[in-house]
Ligand code: BJW
Ligand code: ZN
């Protein structure tokens with residue numbers, strides 16, 4: 004347990020969530036930090052690596068189509084290693100709390116939409132159902148050229164496979180910088196942000212767009228907005244309630 008926000012603030016958010024008709028949520032790497040998934044930037048707890056520098060590279064340097072074209076084998080191996088590592092990790096209390104919130108809301112005729120920037124599928128493994136994976140999935144690969152895609156498991160894939168349909172190089176089915184988010188997924192997330200009465204953002208540095216714009220959409224359309232993060236972010240000055248602390252401790256308190 005950390006010092007964290009005072010109990011009155013926690014109780015206020017708990018009441019808001021308890022009375023909401025539609026809760027929409029945006030999560031980022033910070034929610035998976037307690038599971039051992041490294042974050043990309045920002046503060047981090049002792050349990051994980053933060054501000055990730057992988058193999059000497061920053062995410063902005065290699066998570067681009069140009070980065071893959073420059074050194075496909077290195078980038079491919081990096082994704083393969085992460086997929087293997089993910090197989091050894093499990094959802095934490097933060098993921099479980101959001102799955103529980105969805106269950107409660109739907110049981111009383113409400114709605115819950117979870118837009119996540121994470122590619123780790125830990126929300127789904129924790130039991131969340133209405134999940135919008137804005138940046139794709141580590142557990143899917145696709146063709147660089149044609150529509151071919153397939154699910155993959157946690158086993159390493161050493162060599163880059165060729166597309167069975169067109170022969171082109173396969174790639175991770177994730178969204179790199181400069182690429183569009185899947186249109187249907189983005190539209191559903193933006194619609195939810197515009198429709199919800201409470202918008203909860205957790206564990207994101209709120210610097211990568213368009214995902215970071217969801218809280219702006221929610222605030223502009225009158226939702227009460229709540230942020231849970233280890234440190235202040237660009238979203239903190241916009242939200243109605245900013246709670247500082249680890250998501251795996253705060254989210255269970257908000258949903259209790
Ligand atoms: C805890 C915690 C604990 C730690 N508890 N908290 C305006 C200006 C300049 C550029 C742009 C702009 N608008 C758009 C762009 C381009 C770009 C962008 O946003 N760049 C910014 C960096 C400026 N966006 C894009 O390119 C996007 N596409 C797009 O805009 O399409 C339209 C377009 C097309 C063509 C041309 C132009 C426009 C696509 C973005 C794709 C992002 N992809 C990645 C990689 C995915 C694959 C992979 O992982 O390998 O997605 S980048 C990386 O960042 C990843 C994440 O999903 C994403 C966001 O990171 P997130 O989740 O917020 O994590 P962190 O690490 O940043 O933050 C963790 C936070 O948690 C920290 O604050 C910690 O304090 C906190 N924390 N432990 C609670 N226990
Ligand atoms: Zn193909």
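Residue numbers (our numbering): 4 to 259.
Built from N, CA and C at the ideal position, the CB exists for glycine as well.
- Taking a C-beta distance under 9 Å as the contact criterion, residue 154 and residue 130 do not qualify as a contact pair.
- Not one heavy atom of ligand 2 is found less than 8 Å from the C-beta of residue 113.
- Sorted by position in the chain, 146, 148, 149, 151, 166, 168, 169, 171 make up the residues whose C-beta lies under 6 Å from a heavy atom of ligand 2.
- Comparing alpha carbon positions, the residue from 64, 192, 234 closest to residue 180 is 64.
- Here the C-alpha atom of residue 75 lies approximately 47 Å from the C-alpha atom of residue 112.
- In the DSSP assignment, residue 73 falls within the unbroken alpha helix (DSSP H) covering 68-73.
- It is roughly 8 Å from the alpha-carbon of residue 83 to the alpha-carbon of residue 158.
- Of the other Cβ atoms in all chains shown, 16 or more fall within 10 Å of the Cβ of residue 38; this residue is therefore buried.
- Annotation: residue 233 to residue 250 spans about 8 Å, alpha carbon to alpha carbon.
- Between the stretch 158-171 and the stretch 214-223 there are fewer than three inter-stretch CB-CB distances shorter than 8 Å, so the stretches are not counted as touching.
- For residue 172, same chain residues with a beta-carbon under 6 Å away, outside a window of 5 residues either side, are 147, 163 in chain order.
- According to the DSSP secondary-structure assignment, residue 27 is paired through a beta bridge with 116, 202.
- Look at residue 251 here: in three-state DSSP terms it is helix.
- CA-to-CA, the gap between residue 200 and residue 223 works out to about 11 Å.
- With contacts defined by Cβ atoms closer than 9 Å, residue 178 and residue 137 form a contacting pair.
- Per DSSP, residue 176 lies in no alpha helix (DSSP H) segment; the continuous beta strand (DSSP E) that holds it begins and ends at 173-177.
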